[in-house]
Amino acid sequence: MLKFYKYLPFTDGSKCILSQGTMKFSHYSEFNDPFDCKTAYDIDESMLYIESRPDIFKEVGRQLGLSPASCIQKKNKMLDGIRKSLKSGVFHDGIIGNVGICCLTKKPDNILMWSHYADNHAGFVVEFTTNNVNENMHMGNVEKKLFGWDVEYSANMPIIIAGTRNFNAVKKIFLTKSLDWEYESEYRVLAMKKGPGIHKFDQTMITRVIAGTKMSSNNYRELEILVNDLPERAGCRPRLTRAKMSTGQYKLETA
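Per UniProt numbering: the sequence shown = residues 1 to 255.
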């Protein structure tokens, strides 16, 4: 059994999670951390690897609009261009830009995240519960089931070899962040095939909705209507609760 959460402001787009069963998968450039999804490349090892893989070399040429014959004729020039693009970050940005990222968390009661992502506690948090924690599940279904991985936190930026496509490379790029973000206990879903955008998910995973301590009475009533419509429309029966400030402690109660 796995529970994870989404912090949200009270906006039309956020309410679509309850009303439409859709979730936003972001482009990495939208994140508030400029280091997010950034890595360092081992340039020399990367060049050796690319040269040893004709399929990768051919794909780079295709992206540049070159024919196979032109790739052969301009091989040295292309390799020089690849080396420069690795150093400048252009190569990296082109690779990761096709992936949509949905950021969730294991914590529903973090004061900072309520402030940063839920409109200073005037928004809400959606709880999802799933029994599907099998890493061998069909990877084409990750958006629907919100199947993801925990983010790991490190003081050092990962170093990767360009062109490698195993999960270890994916983990280094998309699932590694600075230790400064460790308090978020982030859980990420990666839309590797569908990419950034608005994607449908299985609403039966919604088990609770938590209103912020500063949510207005009108917004709470609207949220209540959305939650009460879910059993008939989506087949789930989430509880609606409101976060409360503890007495004598810097702590939120969300149960």
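Heads up, the beta-carbon is just placed ideally off N, CA and C, and yes, glycines get one too.
The closest CA to that of Leu223, considering only Asp80, Ser14, Lys177, Lys244, is found on Ser14.
Rounded to whole angstroms, the gap between the alpha carbons of Ser85 and Leu48 is 15 Å. In this structure Cys37 is in contact with Tyr28, their Cβ atoms being roughly 4 Å apart against a cut-off of 8 Å. Per DSSP, Ser29 lies in no beta strand (DSSP E) segment and is marked neither H nor E. Taking a cut-off of 8 Å on C-beta distances, the region 82 to 96 does not touch the region 227 to 240, as fewer than three cross pairs fall below it. Using a 10 angstroms sphere on the CB of Asn228, the tally of other CB atoms stays under 16, which defines it as exposed. The beta-carbon separation of Asp33 and Lys177, rounded to 7 Å, stays under the 8 Å limit for a contact. In the DSSP annotation of this structure, Gly197 is not part of any alpha helix (DSSP H); the continuous beta strand (DSSP E) holding it starts and ends at 197 to 200. Between the region 107 to 123 and the region 151 to 166, the count of Cβ pairs shorter than 8 Å is below three; the stretches do not touch. The alpha helix (DSSP H) runs of length 4 or more contained entirely in the region 84 to 162 are, from start to end of the chain, 90 to 96, 111 to 117, 142 to 145. Taking the Cα positions, Leu179 is about 12 Å away from Phe35. Burial is judged here by how many other beta carbons sit within 10 angstroms of a residue's own beta carbon; Met23 has at least 16 and is buried.
Distances from the CA of Lys144 to each of Tyr153, Val99, Leu190, Val125 were compared; the closest alpha carbon is that of Leu190. Using a Cβ distance threshold of 8 Å, Ile173 and Pro108 do not count as a contacting pair.
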